[in-house]
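Chemist: Reading the sequence shown from the start, the letters are residues 1 to 818 in the UniProt record's numbering. Built from N, CA and C at the ideal position, the CB exists for glycine as well.
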Amino acid sequence: MNFDIFYKSFTFIYFGVQNLNDDRKSNMKSTLSSHEMHSSPKFGANNNNNNRSFLDLDKNNIHIDMKEETYTSSTEDMVKKAQKESILKRIPIGAEATTVLVGSVDFLKKRTAAFVRLAEGIMIPSLTEVSIPVRFMFILLGPPDPKDIDYHEVGRSMSTLMSNSEFHCKAYKATERKELISLLNEFLDSSIVLPPCDWEREELLSLRELKEKSEQIKRRKIRAAVQKVANLTSTLSDKGDDNKDDPLKRTKKPWGGLVKDIKRRLPYYASDFSQGLNLQCIASAIFIYFAALSAAITFGGLMADKTKNFIGISETLIATSVAGVIFSLFSGQPLLIVGTTGPLLLFDDALFSFCRSNDIEFLPMRVYIGIWLLIIALLVSCLEGSVMVKVFTRFTEEIFASLISLIYIWESISKCLNVFTKHPLLPLKQYCEEDALIRIENSLFNPNSTDYNSTSNGTDIFRPVDHQTLITKQPNTALLCTILALGTFFIAYYLRHFRNSKFLGRNIRRALGDFGVPIAIISMVAADYFNPTTYTEKLKVPEGLTPSDPEARGWFISPSGLKGPIDPWVPFVAFVPALLVYILVFMETHISELIIAKKERKLQKGSGFHLDIVLVNFINLICGIIGAPWMSAATVRSVAHVSSLTVMSRTHAPGQKPHIIEVKEQRVSSLLVSIMVGCSVIMSSLLRLVPMAVLFGVFLYMGISSIDGIQFFERLKLIFMPTKHHSEAPYVRHVQTYKMHLFTGIQLICLCGLWSIKSSSISLLFPFFLIMMIPVRSQLCDKIFTAKELRALDSNEPSNMSNDEDEPDFYAESRLPG
1 MNFDIFYKSF
11 TFIYFGVQNL
21 NDDRKSNMKS
31 TLSSHEMHSS
41 PKFGANNNNN
51 NRSFLDLDKN
61 NIHIDMKEET
71 YTSSTEDMVK
81 KAQKESILKR
91 IPIGAEATTV
101 LVGSVDFLKK
111 RTAAFVRLAE
121 GIMIPSLTEV
131 SIPVRFMFIL
141 LGPPDPKDID
151 YHEVGRSMST
161 LMSNSEFHCK
171 AYKATERKEL
181 ISLLNEFLDS
191 SIVLPPCDWE
201 REELLSLREL
211 KEKSEQIKRR
221 KIRAAVQKVA
231 NLTSTLSDKG
241 DDNKDDPLKR
251 TKKPWGGLVK
261 DIKRRLPYYA
271 SDFSQGLNLQ
281 CIASAIFIYF
291 AALSAAITFG
301 GLMADKTKNF
311 IGISETLIAT
321 SVAGVIFSLF
331 SGQPLLIVGT
341 TGPLLLFDDA
351 LFSFCRSNDI
361 EFLPMRVYIG
371 IWLLIIALLV
381 SCLEGSVMVK
391 VFTRFTEEIF
401 ASLISLIYIW
411 ESISKCLNVF
421 TKHPLLPLKQ
431 YCEEDALIRI
441 ENSLFNPNST
451 DYNSTSNGTD
461 IFRPVDHQTL
471 ITKQPNTALL
481 CTILALGTFF
491 IAYYLRHFRN
501 SKFLGRNIRR
511 ALGDFGVPIA
521 IISMVAADYF
531 NPTTYTEKLK
541 VPEGLTPSDP
551 EARGWFISPS
561 GLKGPIDPWV
571 PFVAFVPALL
581 VYILVFMETH
591 ISELIIAKKE
601 RKLQKGSGFH
611 LDIVLVNFIN
621 LICGIIGAPW
631 MSAATVRSVA
641 HVSSLTVMSR
651 THAPGQKPHI
661 IEVKEQRVSS
671 LLVSIMVGCS
681 VIMSSLLRLV
691 PMAVLFGVFL
701 YMGISSIDGI
711 QFFERLKLIF
721 MPTKHHSEAP
731 YVRHVQTYKM
741 HLFTGIQLIC
751 LCGLWSIKSS
761 SISLLFPFFL
771 IMMIPVRSQL
781 CDKIFTAKEL
791 RALDSNEPSN
801 MSNDEDEPDF
811 YAESRLPG
């Protein structure tokens with residue numbers, strides 16, 4: 001844009017018109033109101049008609065009559081009308097237009113310009129492309145054939161200024177010419193100018209980096225101006241406004257943060273229910289129900305396998321329902337979705353192995369862990385320990401997320417390999433011999449079996465044996481389980497990528513992507529159901545509200561023991577695993593809440609870090625008493641829930657990225673999800689049709705999808721790539737290559753250390769070693785890397801920005817696996 005030329009013409013604002021004599025004023029009035037169309041390609045001396053219209057100033061001299069347009073039934077007119085209606089839908093209600101009119105006339109010897117702000121918007125027919133009120137007008141007239149100015153470029157420059165939100169907002173308040181000139185200078189100071197050259201896209205900074213640099217310059221200027229005025233206190237610094245109601249700011253009072261969370265959220269309690277009575281919240285509840293049900297079935301089925309059916313799907317569904325109801329009613333941030341997660345499942349697996357090796361009853365031990373969890377949570381809340389979530393930087397989060405993702409992948413692969421061990425691929429003759437031997441053994445050693453019988457004429461026959469009793473060496477089982485696992489993975493994975501593709505309509509592909517996991521599960525269950533001749537291990541789900549193993553346990557776990565009195569030292573020893581569980585619950589819950597509470601989400605009702613961690617651990621006390629899995633905030637499900645409740649702008653201009661208008665902050669959707677998950681226990685007959693191999697596929701999907709959002713793996717790939725092929729991410733541009741690889745290497749060593757601990761006999765302690773990553777980051781990395789390098793490597797900002805209008809993927813936005 002030619003701003004220098006525009007600046008010259010700006011000197012005539014508010015003054016040029018006043019210097020005209022009566023004849024020229026009359027000519028100008030006639031020019032502004034003229035409706036004639038001129039065929040002359042250019043205004044000049046050869047044209048004797050001086051009564052020219054401003055609406056003839058584009059390059060094709062197309063004139064739009066000032067009369068109201070009417071439409072006939074012709075196809076062309078209908079298309080134009082549809083286009084204008086489409087544009088009008090994208091314009092916010094109450095928007096006002098700016099009209100820029102420039103041109104040359106013969107009766108003027110000098111340029112004359114005026115910037116007009118009307119007292120109120122006025123509808124001027126046919127002046128704007130769509131019918132909205134005109135509030136601002138910029139008029140520039142001058143003699144024909146100017147040597148030093150291009151009127152068209154001046155008009156484009158003014159249009160650019162008025163399209164800037166900051167400029168036009170201040171233009172509403174301007175009262176004199178010098179204020180507009182000051183606004184123009186501010187705009188130019190904030191602009192980034194590229195000299196004329198053949199620029200390649202790779203040579204230019206990303207829009208996010210340009211914006212950051214612009215904001216840094218602006219903040220630096222503001223700070224300098226403030227210092228000249230007075231020595232202000234820290235409360236007036238850049239972060240002062242943010243700390244006024246910072247939920248992670250210490251009150252320095254016992255349970256001060258907890259009380260503050262309750263006071264902050266209590267005034268909104270009634271509106272949390274009234275604002276949830278709308279179609280968007282109901283649709284969100286249905287969407288999250290399928291996500292929560294899929295997760296409960298997956299983790300419940302694998303928990304049953306890990307704990308020998310002490311904890312299974314029934315307990316997972318009931319606990320998820322009870323936890324969700326309590327949390328949705330009393331939490332400080334009801335947008336969080338509570339449920340069991342992978343890290344807690346892995347911890348229970350390690351705890352179960354520890355209890356078996358030390359002859360400790362597993363379920364009574366968990367009761368004491370639940371009691372200690374609530375005590376620890378109350379003590380930490382008393383000391384306002386939730387503020388310590390700030391020490392969990394991207395360095396620690398990525399190591400934790402990478403460990404869980406790799407464990408997901410390894411577990412799914414190892415489970416499939418175990419199927420090949422149980423049901424190896426054998427020749428047909430060997431299958432028949434093995435099958436006959438198993439049937440005979442079942443007949444001889446199982447007195448209740450009727451598999452082997454004899455007819456009255458002495459002919460021996462074999463009756464079909466229940467597949468559940470034949471658990472080894474079944475033909476085609478391994479191949480079918482592999483197909484089911486990989487089929488579940490590929491369907492869910494590619495539907496997830498289809499979500500942001502260009503095929504079909506936006507709503508259809510979003511629906512397919514969001515419901516990818518349920519679609520994959522249903523598809524593979526149907527494939528297994530229509531292949532009854534091949535045995536596959538199914539989920540073990542009892543009828544109704546019966547525990548997974550009713551012979552071994554009930555719904556109330558006695559702290560004194562199930563088989564006999566427990567040792568008196570067990571309640572005290574339970575403090576150690578309780579502390580380790582608390583670390584996992586603390587990390588998952590608070591990191592999930594931090595992701596949801598980002599500024600760009602524009603949440604109005606605040607968060608409840610101190611209240612929510614106490615409430616989650618109260619729920620875990622109940623889970624310990626009823627023998628159910630531990631609960632925490634599920635990151636991926638919580639982000640998906642918030643995204644489904646987010647209202648995006650529909651009035652942004654084509655090509656602009658939509659922005660968040662609001663998030664429906666209410667308790668109804670999470671409450672409905674919890675109730676529906678609890679009612680799912682009546683579907684036990686359907687759940688028993690789900691093969692375990694399908695759950696292996698879901699586990700594989702969760703692991704690989706979580707890797708996509710971890711920056712550590714992006715940097716790991718750069719080690720094997722030439723420098724010229726590196727991306728334009730901040731950690732590439734602002735950090736030397738060898739230092740970037742050094743940072744990645746430190747993370748890799750820490751990850752390998754945690755993996756070895758998780759695979760050893762002390763796997764129960766892996767949360768403790770995870771906490772040890774914090775001093776590694778704060779002590780070691782601070783000495784090796786500069787502050788600028790750490791901002792690029794360890795910042796929680798995304799490494800790239802999407803260029804299309806699609807929202808970020810749930811797994812990419814969540815810093816922890818689901």
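Quick check on the DSSP output: the beta strand (DSSP E) that includes Thr536 runs from which residue to which?
Modeler: Within the sequence shown, numbered from 1, the residue matching residue 536 stands at position 536. That residue, Thr536, is in no beta strand (DSSP E); it is neither H nor E in DSSP.
Chemist: By Cβ distance, which residues of its chain are closer than 7 angstroms to Ser814, with the 5 residues on each side in sequence left out?
Modeler: As a first step, residue 814 must be located in the sequence shown, where it is residue number 814. The answer, listed in chain order, is Ile595, Thr635, Val636, Val639 and Gly709.
Chemist: Under 8 angstroms between the Cβ atoms of Leu374 and Phe618?
Modeler: As a working mapping, residue 374 is identified with position 374 in the sequence shown. As a working mapping, residue 618 is identified with position 618 in the sequence shown. Going by C-beta atoms, Leu374 is nearer than 8 angstroms to Phe618.
Chemist: Give every residue of the same chain whose Cβ lies closer than 7 angstroms to the Cβ of Phe187, excluding the five residues on either side of it in the sequence, and list them in chain order.
Modeler: Position 187 of the sequence shown, counted from the start, is the residue given in the question as residue 187. Counting only Cβ-Cβ distances below 7 angstroms, and skipping sequence neighbours, we find Leu161, Asn164 and Phe167.
Chemist: Kindly give me the distance between the Cβ atoms of Asn484 and Gly300, rounded to whole angstroms, as I take these residues to be in contact under 8 angstroms.
Modeler: Here residue 484 refers to the residue found at position 484 when the sequence shown is read from its first residue. Here residue 300 refers to the residue found at position 300 when the sequence shown is read from its first residue. The amino acid occupying residue 484 in the given sequence is Leu; Asn does not appear at that position. The pair is not a contact, with the Cβ atoms about 18 angstroms apart (cut-off 8 angstroms).
Chemist: Consult DSSP for Leu373 and reduce its assignment to one of helix, strand or coil.
Modeler: Taking the sequence shown and counting its residues from 1, one reaches residue 373 at position 373. DSSP, read as helix, strand or coil, puts Leu373 in helix.
Chemist: So, using beta-carbon positions, are Gly142 and Arg111 closer together than 8 angstroms?
Modeler: Here residue 142 refers to the residue found at position 142 when the sequence shown is read from its first residue. Here residue 111 refers to the residue found at position 111 when the sequence shown is read from its first residue. Contact: yes.
Chemist: What first and last residue would you give for the beta strand (DSSP E) that runs through Ile660?
Modeler: Here residue 660 refers to the residue found at position 660 of the sequence shown. Here the beta strand (DSSP E) through Ile660 covers Ile660 to Val663.
Chemist: Alpha carbon to alpha carbon, how far is Ile297 from Lys540? Give it in angstroms, no decimals.
Modeler: Here the question's residue 540 lines up with position 540 in the sequence shown. Here the question's residue 297 lines up with position 297 in the sequence shown. Spanning the two alpha carbons is a distance of roughly 11 angstroms.
Chemist: To the nearest angstrom, how far is it from the Cα of Met303 to the Cα of Val690?
Modeler: Position 303 of the sequence shown, counting from 1, holds the residue named residue 303. Position 690 of the sequence shown, counting from 1, holds the residue named residue 690. For Met303 and Val690, the distance between alpha carbons rounds to 15 angstroms.
Chemist: With a threshold of 16 other CB atoms inside 10 Å of the CB of Leu55, please say whether the residue is buried or exposed.
Modeler: Counting from one through the sequence shown, the residue named residue 55 turns up at place 55. Low local confidence applies: a pLDDT of 39 at Leu55 is under 50, so the model's placement there is unreliable, and no value is given.
Chemist: First and last residue of the beta strand (DSSP E) that includes Arg117?
Modeler: Position 117 of the sequence shown, counting from 1, holds the residue named residue 117. Thr112 to Ile122 is the span of the beta strand (DSSP E), which, as asked, contains Arg117.
Chemist: Under the DSSP definition of a beta bridge, which residues are partnered with Val100?
Modeler: Start at 1 with the first residue of the sequence shown, and residue 100 comes out as number 100. Val100 is bridged to Phe138.
Chemist: Taking the alpha-carbon positions, what's the Ala578 to Glu551 distance?
Modeler: As a first step, residue 578 must be located in the sequence shown, where it is residue number 578. As a first step, residue 551 must be located in the sequence shown, where it is residue number 551. Those two C-alpha atoms are separated by around 27 angstroms.
Chemist: Within the segment 478 to 539, note down every full alpha helix (DSSP H) run reaching 4 residues or more, in order along the chain.
Modeler: 506 to 514 and 516 to 529
Chemist: Exposed or buried, what is Asp148 when buried is set at 16 or more other beta-carbons lying within 10 Å of its beta-carbon?
Modeler: What you label residue 148 is simply residue 148 of the sequence shown in a count that begins at 1. Looking at its Cβ environment, which holds fewer than 16 other Cβ atoms inside 10 Å, Asp148 is exposed.
Chemist: For Ser632, name the three-state secondary structure that DSSP assigns.
Modeler: Residue numbering aside, residue 632 sits at position 632 when the sequence shown is read from its first letter. Three-state DSSP puts Ser632 in a strand.
Chemist: Quick check on DSSP: helix, strand or coil for Gly339?
Modeler: By 1-based counting over the sequence shown, the position of residue 339 is 339. Taken through DSSP and simplified to helix, strand or coil, Gly339 comes out as strand.
Chemist: Of the residues His641, Val681 and Gly678, which one's Cα is nearest the Cα of Ser669?
Modeler: On the sequence shown, residue 669 is found 669 positions in, with the first residue counted as 1. Checking every option, the nearest Cα to that of Ser669 belongs to His641.
Chemist: Take Gly554 as the anchor and find which of Leu363, Val663, Asn476 and Leu621 has the nearest alpha-carbon.
Modeler: Mapped onto the sequence shown, residue 554 falls at position 554. Taking only the C-alpha atoms, the option nearest Gly554 is Leu363.
Chemist: In the DSSP assignment, find the unbroken beta strand (DSSP E) run with Val647 in it and report its ends.
Modeler: If you number the sequence shown from 1, residue 647 lands on position 647. Boundaries of the beta strand (DSSP E) around Val647: Thr646 to Met648.
Chemist: Measure the C-alpha to C-alpha separation of Gly324 and Val259 and round it to an integer number of angstroms.
Modeler: The sequence position of residue 324 within the sequence shown is 324, counting from 1. The sequence position of residue 259 within the sequence shown is 259, counting from 1. Looking at the two C-alpha atoms, the distance is approximately 22 angstroms.
Chemist: For Val694 and Met524, which I take to be in contact (beta-carbon distance under 8 angstroms), what is that distance rounded to the nearest angstrom?
Modeler: By 1-based counting over the sequence shown, the position of residue 694 is 694. By 1-based counting over the sequence shown, the position of residue 524 is 524. Yes, Val694 and Met524 are in contact; Cβ-Cβ is about 5 angstroms, under 8 angstroms.
Chemist: Using a threshold of 8 angstroms, state whether the C-beta atoms of Gly339 and Ala283 are closer than that.
Modeler: In the sequence shown, the residue the question calls residue 339 occupies position 339. In the sequence shown, the residue the question calls residue 283 occupies position 283. No, they are not a contact pair.
Chemist: Hey, Asp261 and Leu615: beta-carbon distance below 8 angstroms or not?
Modeler: As a first step, residue 261 must be located in the sequence shown, where it is residue number 261. As a first step, residue 615 must be located in the sequence shown, where it is residue number 615. For Asp261 and Leu615, no; Cβs fall outside 8 angstroms.
Chemist: How big is the Cα-Cα spacing for Val310 and Lys599?
Modeler: Counting from 1 along the sequence shown, the entry for residue 310 is found at position 310. Counting from 1 along the sequence shown, the entry for residue 599 is found at position 599. For clarity, residue 310 is Phe in the given sequence; the question names Val instead. If you take the alpha carbons of Phe310 and Lys599, they lie about 43 angstroms apart.
Chemist: Is it the case that the Cβ atoms of Arg715 and Thr744 are separated by a distance below 8 angstroms?
Modeler: For the purposes of this step, residue 715 is taken as residue 715 along the sequence shown, with counting starting at 1. For the purposes of this step, residue 744 is taken as residue 744 along the sequence shown, with counting starting at 1. The answer is yes: Cβ separation under 8 angstroms.
Chemist: Quick check: what's the CA-CA separation for Ile139 versus Phe330?
Modeler: The residue given as residue 139 occupies position 139 in the sequence shown. The residue given as residue 330 occupies position 330 in the sequence shown. Those two C-alpha atoms are separated by around 60 angstroms.
Chemist: Could you check whether Leu770 and Phe400 sit closer than 8 angstroms to each other, using their CB atoms as the reference points?
Modeler: Locating residue 400 in the sequence shown gives position 400, counting from the first residue. Locating residue 770 in the sequence shown gives position 770, counting from the first residue. Yes; because the gap between Cβ atoms is below 8 angstroms, this pair is in contact.
Chemist: Are the segment 723 to 743 and the segment 782 to 796 in contact at 8 angstroms, needing three or more beta carbon pairs?
Modeler: yes
Chemist: Measuring straight from C-alpha to C-alpha, what distance separates Asp305 and Ile404?
Modeler: Counted from its first residue, the sequence shown places residue 305 at position 305. Counted from its first residue, the sequence shown places residue 404 at position 404. Straight-line Cα distance between these residues: approximately 18 angstroms.
Chemist: Taking the straight line between their C-alpha atoms, what separation do you get for Ala633 and Thr393?
Modeler: Locating residue 633 in the sequence shown gives position 633, counting from the first residue. Locating residue 393 in the sequence shown gives position 393, counting from the first residue. One C-alpha to the other measures close to 19 angstroms.
Chemist: Are the CB atoms of Lys173 and Ser190 within a distance shorter than 8 angstroms?
Modeler: As a first step, residue 190 is located in the sequence shown; it is residue number 190 there, counting from the start. As a first step, residue 173 is located in the sequence shown; it is residue number 173 there, counting from the start. No.
Chemist: If you run the structure through DSSP and keep just helix, strand and coil, what is Pro550?
Modeler: For the purposes of this step, residue 550 is taken as residue 550 along the sequence shown, with counting starting at 1. Note: Pro550 maps to coil in three-state DSSP.
Chemist: Terminal residues of the continuous alpha helix (DSSP H) containing Asn476?
Modeler: In the sequence shown, the residue the question calls residue 476 occupies position 476. Where Asn476 is concerned, there is no enclosing alpha helix (DSSP H), given that its DSSP letter is neither H nor E.
Chemist: Going by DSSP, what residue range makes up the alpha helix (DSSP H) through Trp410?
Modeler: Residue mapping note: residue 410 aligns to position 410 of the sequence shown, counting from 1. Looking at the DSSP string, the run of the alpha helix (DSSP H) that includes Trp410 is Arg394 to Lys422.
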